[in-house]
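Residue numbers (mature numbering (1 follows the signal peptide of the UniProt record, and there is no 0)): -30 to -1, 1 to 237. Remarks on the structure that follows.
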Amino acid sequence: MRRIHPMFRIVMSSLLVLLSLIAIAGPARSAGPAGSRPTVVLVHGAFADASSWNAVATRLVHAGYPVVAVANPLRGVAHDASYTARVLDAIQGPVVLVGHSYGGSVISTAAVDKPQVKALVFVSAFAPEAGESAATLSNKFPGSTLGQALAAPVPQEAGVADLYIRTDKFWQQFAADVPQAEAVLMAVGQRPITDAALGEANTGTAWKTVPSWFVYGTGDRNIPPAALAWMAERAQSKRTVAIPGASHVPQVSHAREVAALIEAAAR
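Here it is as C-alpha cells:
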C-alpha cells in the first residue's frame, strides 16, 4: 500500500480547517435559520483598521458567530455612521454592534432606528450624548496624552487634515501592552482620521435605547479611563469590564476578555 507523505497530511489538514472556517463565517451577510446566532459587526476606531479585530473575530467565528468587520472610513461621524448603517441594512437577522474608540461614536448613530441591532458593545470607546464629540469627551477628564503623540497633520480636500500617531510614539501611546514588534506593524498600517471627525458632534444616542456593554483598559492613554467609566455608568451599562493595565486596544492584547463580553451581549 502506498504511504501518504506527511507533508500531504499537513496540507490537507490545514485545508479542512480553512474550509470549516469559511463555512462558519459565510452566512454573515445572509439570513440564518430561526434561532441562529446574531451577526457580530465590528467597527474599528481611529489609527487602526479592521485587522485590529482579528484576535476577537477568530474566537467569535470558532464559537459559531457570523462576523463582519467594517472598514470604517474615518472621515466624519455622520458620514461613517451612514456607511455603517448601510452595512447593517445588508445583514439579515439580529446584530450585535461593536465599536472601538471613535467607533463608539459611529455605532451610537448607526444603530438609531435599526431594530435588528439588539446590543451595543463599547470597547475603549466613546458613547457620546447628542452634541458631544470625541474631543470634548477626551478632555472631560485629565490623562490623555494623544495630542502629544500626533504627527504633523496631512492637509486634505475641503480644509480638513488627516491625523496619524507618530510611529516612534505609537507603541507606548496606543498599544503599550502589545508586543513591540506587533505594535510596530500596527503603527505602519494605521489608518488616519480627519481632525474634523474628532471634533464633530454626535447626533445619535442609540445607547439610550439599546442595551449596552462596556470594556476598557485602566492603562488607556488615548481616552482617560475615568471618562470611559463615566460614559459606561451614564449609559447604564449591563456589564462593565475594566482590565487592569490594559492599553487602548484590549481587543488586541486581551482578546479573550473582549470576545467573552461580546458573547455575553449576544446572549
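Cβ coordinates follow ideal geometry from the N, Cα and C atoms, glycine included.
Residue of the options minimising C-alpha distance to residue i
i	options	result
P8	A16, G34, W200	G34
A18	V219, A225, A235	V219
G187	R204, A225, D165	A225
residue 241	A166, S103, A104, Q206	Summary: the structure shown does not reach residue 241, with the chain confined to residues -30 through 237, and so no result is reported for it.
A199	L155, K110, I232, K139	K110
K139	A230, V130, Q150, D132	Q150
A95	Q118, W183, S6, G215	W183
Q206	L116, A121, T175, Q118	T175
E233	A41, V13, V91	V91
Q142	A230, D190, A197	D190
S223	A104, E170, Q62, F144	F144
N42	Q62, A60, I77, T28	I77
W177	L231, L67, S114, G129	L67
P123	I135, P112, N24	I135
Residue i vs residue j beta-carbon contact at 8 Å
i	j	result
Y72	G15	yes
I163	S108	no
V65	V87	yes
V37	L30	yes
L44	D50	yes
V11	V93	no
T137	A119	no
T106	T173	no
S217	D147	yes
A171	G101	yes
V26	Q221	yes
A89	P181	yes
A60	K84	no
Beta-bridge partners of residue i, as assigned by DSSP
i	result
D132	V124, T164
F140	None, per the DSSP bridge assignment.
W183	V91
V76	Its beta-bridge partners do not exist; DSSP assigns none.
T9	V65
A39	L12
DSSP state of residue i mapped onto helix, strand, coil
i	result
residue 243	Outside the shown range of the chain (-30 to 237) lies residue 243, about which nothing can therefore be said.
V82	coil
G69	strand
T210	strand
L198	helix
G215	coil
S114	coil
T175	coil
A51	helix
N109	coil
A33	coil
S103	coil
R204	helix
I232	helix
G159	coil
P220	helix
T188	coil
E170	coil
L44	coil
R56	helix
A18	coil
R226	helix
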